[in-house]
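S.K.: Structure in structure tokens, see below.
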Amino acid sequence: MKTHVLFNLFATFLLADGLNIEVSVFDFSLQLQISHRFVFLILNFTRNVAPLLINTQLFTRFLSRISQDSAGQFFSSGHTNNWAVLVCTSRFWFNYRHVANTLSVYRSVKRLGIPDSHIVLMLADDMACNHRNPKPATVFSHKNMELNVYGDDVEVDYRGYEVTVENFLRVLTGRLPPSTPRSKRLLSDDRSNILIYLTGHGGNGFLKFQDSEEISNVELADAFEQMWQKRRYNELLFIIDTCQGASMYERFYSPNLMALASSQVGEDSLSHQPDLAIGVHLMDRYTFYLLEFLEDIHPASKANMNDLFKVCPKSQCVSTPGHRTDLFLRDPGSVLITDFFGSVRKVEITTEAIDLTDPIKEVEERYMHSYVDQLPVSEIIHQKPKQKDWHPPDGFILGLWTLILLVFFQTYGVKHLRHIF
Amino acid sequence: MGLLSDPNRRRALINLLTRLNAPICGMPVEWLVKTMQARGLEVYTQRFSRTLPFPDENKERYMVKGTNVYGILRAPRAPRTEALVLSAPCTPGDNNNQAVGLLLGLAQYFRNQIYWAKDIIFLVNDHDLIGMQAWLEGYHHTNTTGMDWSPLQGRGGSIQAALSLELSSDVVTSMDLVLEGLNGQLPNLDLANLFYAFCQKIGVLCTIQGKLQRNDWDSVSGYSHAVQTMMLMVMKQASGRPWGDHGLFLRYHIEAATIKGINSFRQYKTDATTIGRLLEGMYRKLNNLLERLHQSYFFYLMPSLSHFVSIGYYMPAFGLLAVILLLRALDLWVQLATPPPTTEDGIADIEQSSPGVLSVLTPLVISHLTGAALYMLPIRFQEMAVEHFPVSETEAVVLTAIAVYTAGLALPHNTHRLLSGEGTEQGWRVLKLVALLYLAVLLGCTALINFSLGFILALTLVPAAAFVTPHVPKVLSAFVLVILSPACTLLFSVFFFQELQEMPVSFLDGWLLYLSVISQGILDHFLYGSLVYPLIALLVYPCWLLFWNILFWK
């Protein structure tokens, strides 16, 4: 018996090593790597031979208890569906690159498995059919027309003037009029992992929509809080590619948010390369290198968020990309790219019959959700006043005083000057 | 990629250019219509006719009749809401014989592209500025100058920008950019910057005022070169005439510039295909625009193509000049307000006849009547002058103007006969106060509209206005006042302008040039609505006459 318990321990140890901890003991499916086939064989042998060699009851009770716990774990773990909200906020021909940015993320997300029904794509202008496009019905992301991100099955949900701050916030919070079609809704639940990608022109604390309005970082943070309270997401990845993008995630305070930005406050995000035939810049640098990175990701890829943070270092991007993970529960190194960009489902094959008559205890949430102060009142109260530079008085004030002095001396004569000097 | 990389097209263009090199009588309207239609444009013509107030001796025309021909290239996918214009004036002779050929070659190339978001109108105008005025008035349904034109059958949308081509040889050494328009209006600086940046990118030499810019800014000679270029621009802007066909577009808020090809004695020549590429690039850039050019300055002076002086820098200089007048006026006001010192017997002279406003009214009215005479008489009485004197009509007009101007100098001696009482010490003070304020307002308004004109007038009139009183030595100050009068300013400006262009003239040639400048100024006013002639005749000259009156006040 001792040897078999040892074998079991050895098996679980090997299984746990390098693989997802959530993989249950019964997972003999394709997720096992080839090097673990040995373990598979051992386990098979153990399972088949063990009842003959050891006390069968003890062992089966041991296994069924593990399966019960794991079933509980299966029903309470992680996310079950993926959504993506991809927004391009700027219009006009010379903002071609923002549409190309959004379409390249759309392309990756679709390729990795998220269907159109789970993607809300908002494009503020139509570049493919713009009068100035020398190659109509195409949007290129690489110069010399290597990659057409428009393709032939793009489904745009919000187009042109429908991309407004109000519509964006309504999509996020779910407060849409009943007549809104399903393709324009974000029908996420508390097991959804949502990817939100924003691009356009931004500044310190705001993002410009359509050249006429702005969304501020406070509004965005409040929208995410509404989503959290309505249990509209499990985990949310927020990527923004604008100038001073890091200012947009400064104010987040809801749990389970991870954010990436292409540039810090005070820095501009730069565009990548112009195409001389089309005559405009095709992509922004950050999204260009993001697209290159995502092209190497396939649905079974194990790349994690730490790799994503390394995309576009300062040498390539000129600006410094930033990220924020303090509100996220899991360690970024354990979060797969495909958790947000793809729609991968975990499959667990079991040959054991699981007894579902007893109510399944949900695995207790071992961690407290981390909230952050929405408005850091204590910091504001105890802040020292900023030392303002002294400027010489305004011309108007000077002129006014000169006039008063002149009138005074005109009326009362010059002899009073003696009293002053 | 780009114009004329196809050798067939290049050959076709060269054929076209050499054909047009042959002299043409008048404008080949039918041929142009046929050629433009063959290139797939929608072609329309417009007839116009105009009788000038008097014959124009520079261009030898009096009763002008002509036809404009224009072809519209419709944007393949865009709605017809916006348009761009490429124009080339067609004049008989060698003056501008290559531009039309280049225009037609470009039309053919543009027709094959699909990225046009605005309609492009290829305009060949007859009798340069007069034809352009007729076309613009017809396009915008306005009739400000009393010309007779047939309405336009075809129209694009609202015109966003326009370029006018002047090309007299098929190879050039540099391209000159002309910006000054009617009444000293300038296009947006962005248009000039666009042209210059693109020229540098293609590698074509680019000049302004015909001068190449130098790299040594710090040296004295480099600085004086820049000052000369800027002074040329000031002179051209002050004249108020459009220095290219583009000058008439500016009034309709259409940013326009003229591009001239210059063929000088340099080794490195640029051929027509490069000029075509340059224009193609300019038009593609203008095509990508989404709004009218408005982000950069509208009021500037350019010492070179890569430097400019904005209004914020040059207006204070004018402001300081205007302040002299205001200070003088303030001084006079104080003098008028303080009571005079008591007489010897201690009785204050209460019988001061306060002159009031009425006494200054007479000189004012008479000066303005003289100004009105200067404005109206030369044109009205040209026939009578031709009958009695052996001069042509143009000479009659100009000499009548000079005669009326000089006759105004004799006024003060006669005005006093009309005055009820004698002029008093207070009288001239009040008149001078009024005249100073009038001049200040006049110069201020002129500088706002046409800064160069306002500044040049201020430079000459402000010292005159400031020092003149009845008590200065008469002969000397009369001489100085005449030297500083608008007519002599114009004479000196003519000589100065010729000096700046490095073509100095002898006195006789200069005088003839001066006469032609006056006639051109009068013609510009009647043909295109230039404001320089009425401004000088009706406002500045009477103001100057007031100071002349003060000088001879008794």
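In order, the protein sequence lines correspond to chains W and E.
Residues in the first sequence are numbered consecutively from 0, following numbering that gives the first Met the number 0.
Residues in the second sequence are numbered consecutively from 0, following numbering that gives the first Met the number 0.
Using N, Cα and C, we set each Cβ at its ideal position, and we do this for glycine too.
Counting Cβ pairs closer than 8 Å, one from the region 150–160 of chain W and one from the region 173–191 of chain W, do we hit at least three?
M.R.: The answer is yes - the region 173–191 of chain W touches the region 150–160 of chain W, with three or more Cβ pairs under 8 Å.
S.K.: Please list, in chain order, the residues of the region 104–126 of chain E that have any C-beta partner in chain W closer than 9 Å.
M.R.: Residues 112, 113, 114, 115, 116 and 117.
S.K.: If you drop the 5 nearest sequence neighbours on each side, which residues of the same chain put their C-beta closer than 8 Å to that of residue 281 of chain E?
M.R.: Taken in chain order, the residues that qualify are 162, 193, 194 and 197.
S.K.: Can you list the residues of chain E that residue 132 of chain W reaches, using a CB-CB cut of under 8 Å?
M.R.: Within 8 Å Cβ-Cβ: 114.
S.K.: Compile a chain-ordered list of the residues in the region 267–292 of chain E whose CB is closer than 7 Å to at least one CB of chain W.
M.R.: For the region 267–292 of chain E, which is checked against every Cβ of chain W, the residues closer than 7 Å are 283, 286, 287 and 289.
S.K.: Which residues of chain B have a Cβ atom closer than 9 Å to the Cβ of residue 394 of chain W, listed in chain order?
M.R.: This model lacks chain B altogether, as its protein chains are W and E.
S.K.: Kindly list, in the order they appear in chain W, the residues whose Cβ is closer than 8 Å to that of residue 82 of chain E.
M.R.: Per Cβ cutoff of 8 Å: no residues; residue 82 of chain E is ~13 Å from chain W at best.
S.K.: Please list, in chain order, all residues of the same chain as residue 334 of chain E whose beta carbon is under 8 Å from its beta carbon, the five residues on each side excluded.
M.R.: Excluding residues within five positions, the ones whose Cβ falls inside 8 Å are 428.
S.K.: Would you say residue 259 of chain W and residue 322 of chain W are within 7 Å of each other, going by their C-beta atoms?
M.R.: Result yes, Cβ atoms of residue 259 of chain W and residue 322 of chain W sit closer than 7 Å.
S.K.: Consider the Cβ of residue 401 of chain W: report whether some Cβ of chain E lies at a distance smaller than 7 Å.
M.R.: With 7 Å as the cut-off, residue 401 of chain W does not count as an interface residue toward chain E.
S.K.: Scan the region 59–81 of chain E for residues whose Cβ lies nearer than 9 Å to a Cβ of chain W and list them as they occur along the chain.
M.R.: If the cut-off is 9 Å between Cβ atoms, the region 59–81 of chain E has 74, 75, 76, 77 and 78 near chain W.
S.K.: Please look up how many angstroms separate the CB atoms of residue 45 of chain E and residue 133 of chain E, rounded, as I've assumed it's under 8 Å.
M.R.: Yes, they are in contact, since the Cβ atoms of residue 45 of chain E and residue 133 of chain E sit about 7 Å apart, within 8 Å.
S.K.: Name the residues in the region 254–285 of chain W whose C-beta lies less than 9 Å from a C-beta of chain E; which are they?
M.R.: Within the region 254–285 of chain W, the qualifying residues are 275, 276, 277, 278 and 279.
S.K.: Taking a cut of 8 Å between CB atoms, which residues from the region 83–102 of chain W lie near chain E?
M.R.: Here the close residues are 91, 92 and 93.
S.K.: Tell me residue 269 of chain E's beta-bridge partners as DSSP assigns them.
M.R.: Paired residues: E:171.
S.K.: Relative to the C-alpha of residue 166 of chain E, which residue among E:159, E:175, E:158 and E:160 is closest?
M.R.: Per the Cα distances, E:175.
S.K.: With 16 other CB atoms within 10 Å as the buried threshold, where does residue 121 of chain W fall?
M.R.: Residue 121 of chain W comes out buried.
S.K.: State the DSSP-derived secondary structure class of residue 406 of chain W, mapped to helix, strand or coil.
M.R.: Three-state result, residue 406 of chain W: helix.
S.K.: Taking the DSSP output, what are the residues bridged to residue 206 of chain E?
M.R.: Paired residues: E:175.
S.K.: Where residue 373 of chain E and residue 400 of chain E are concerned, what is the direct C-alpha to C-alpha distance, given to the nearest angstrom?
M.R.: Answer to the nearest angstrom: the Cα atoms are 6 Å apart.
S.K.: With 16 as the cutoff for other CB atoms within 10 Å, does residue 456 of chain E come out buried or exposed?
M.R.: Its Cβ being crowded by 16 or more others within 10 Å, residue 456 of chain E is buried.
S.K.: Residue 362 of chain E and residue 255 of chain E: beta carbons closer than 7 Å?
M.R.: No, the pair does not count as a contact, with Cβ atoms beyond the cut-off.
S.K.: Using three-state DSSP, classify residue 175 of chain W as helix, strand or coil.
M.R.: The answer is coil: DSSP assigns residue 175 of chain W none of H, G, I, E or B.
S.K.: Identify whether residue 451 of chain W lies in helix, strand or coil by the three-state DSSP scheme.
M.R.: Residue 451 of chain W is absent from the model: chain W starts at 0 and stops at 420.
S.K.: Using a 10 Å radius around the Cβ and a threshold of 16 neighbouring Cβ atoms, would you call residue 553 of chain E buried or exposed?
M.R.: It is exposed - the Cβ of residue 553 of chain E has fewer than 16 other Cβ atoms within 10 Å.
S.K.: On the DSSP bridge assignment, give the partners of residue 240 of chain W in chain order.
M.R.: Residue 240 of chain W pairs with W:198.
S.K.: Whole angstroms is fine: what's the gap from residue 402 of chain W's alpha carbon to residue 252 of chain W's?
M.R.: Distance between the alpha carbons of residue 402 of chain W and residue 252 of chain W is about 55 Å.
S.K.: How big is the Cα-Cα spacing for residue 325 of chain E and residue 55 of chain E?
M.R.: Approximately 42 Å, taken between the alpha carbons.
S.K.: For the beta strand (DSSP E) holding residue 306 of chain E, just list the boundary residues, first then last.
M.R.: Where residue 306 of chain E is concerned, the enclosing beta strand (DSSP E) stretches over 306–309.
S.K.: For residue 507 of chain E, write down the residues that DSSP places opposite it in a beta bridge.
M.R.: DSSP lists no partner for residue 507 of chain E.
S.K.: Taking a contact to mean a Cβ-Cβ separation below 7 Å, would you say residue 123 of chain W touches residue 209 of chain W in this structure?
M.R.: Their beta carbons are under 7 Å apart, which means residue 123 of chain W touches residue 209 of chain W by this criterion.
S.K.: Where DSSP assigns a beta bridge to residue 49 of chain E, which residues make up the other side?
M.R.: Bridge partners of residue 49 of chain E: E:63.
S.K.: Which whole-angstrom value is the C-beta distance of residue 351 of chain W and residue 318 of chain W, which I expect to be below 8 Å?
M.R.: So it is not a contact: roughly 53 Å between Cβ atoms.
S.K.: I'd like to confirm the pairing. Which residues does DSSP put opposite residue 128 of chain W in its beta bridges?
M.R.: Note: residue 128 of chain W sits in no beta bridge, so no partner.
S.K.: Leaving out the 5 sequence neighbours to the left and right, which residues in its chain are closer than 7 Å to residue 393 of chain E when beta-carbon positions are compared?
M.R.: Around residue 393 of chain E: 53, 54, 56 and 518.
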